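Peer 1:
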Amino acid sequence: MKTDGTHPTTPQSVGIAWCAWHQGYSATARLVRDAAGARHFACFSCREAYDLAPIADQP
Numbered sequence: 113m114k115t116d117g118t119h120p121t122t123p124q125s126v127g128i129a130w131c132a133w134h135q136g137y138s139a140t141a142r143l144v145r146d147a148a149g150a151r152h153f154a155c156f157s158c159r160e161a162y163d164l165a166p167i168a169d170q171p
């Protein structure tokens with residue numbers, strides 16, 4: 113919690129993470145679930161190509 117009593121905002125990016133789909137590092141990687149329900153990071157282009165929604169954007 114910040115000193116003014118508010119909570120910090122969630123960052124839009126996780127920094128650099130390993131994309132499980134194209135097997136490389138990416139600055140746009142976000143946590144997603146695969147078809148089996150496992151959690152992996154996927155970059156923007158792989159999320160678009162494989163229709164993967166970031167976990168943070170799901171209800």
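Position 50 of the sequence shown, counting from 1, maps to 162 under our numbering, and the rest follow consecutively.
Glycine residues also receive a C-beta, built at the ideal position from the N, C-alpha and C atoms.
Note that the structure is a prediction, hence the values are computed from the model and not measured.
(1) Identify which residue in Ala161, Ala147, Ser157 has its Cα closest to the Cα of Thr140.
(2) DSSP puts Leu143 in a beta bridge; with which residues?
(3) Go ahead and label Ala147 buried or exposed: buried means 16 or more other beta carbons lie within 10 angstroms of its beta carbon, across all protein chains shown.
(4) Using 8 Å as the threshold, is the C-beta distance between Trp130 and Tyr162 below it?
(5) Output yes or no for whether 8 Å exceeds the beta carbon distance between Leu164 and Ala150.
Peer 2: Once the coordinates are examined:
(1) Start at 1 with the first residue of the sequence shown, and residue 140 comes out as number 28. Per the Cα distances, Ser157.
(2) Start at 1 with the first residue of the sequence shown, and residue 143 comes out as number 31. Beta-bridge pairing links Leu143 to Phe153.
(3) Start at 1 with the first residue of the sequence shown, and residue 147 comes out as number 35. Burial call: exposed.
(4) For this step, residue 130 is matched to residue 18 along the sequence shown. For this step, residue 162 is matched to residue 50 along the sequence shown. Not closer than 8 Å, so no.
(5) Position 52 of the sequence shown, counting from 1, holds the residue named residue 164. Position 38 of the sequence shown, counting from 1, holds the residue named residue 150. Cβ distance not < 8 Å, so Leu164 and Ala150 don't count as in contact.
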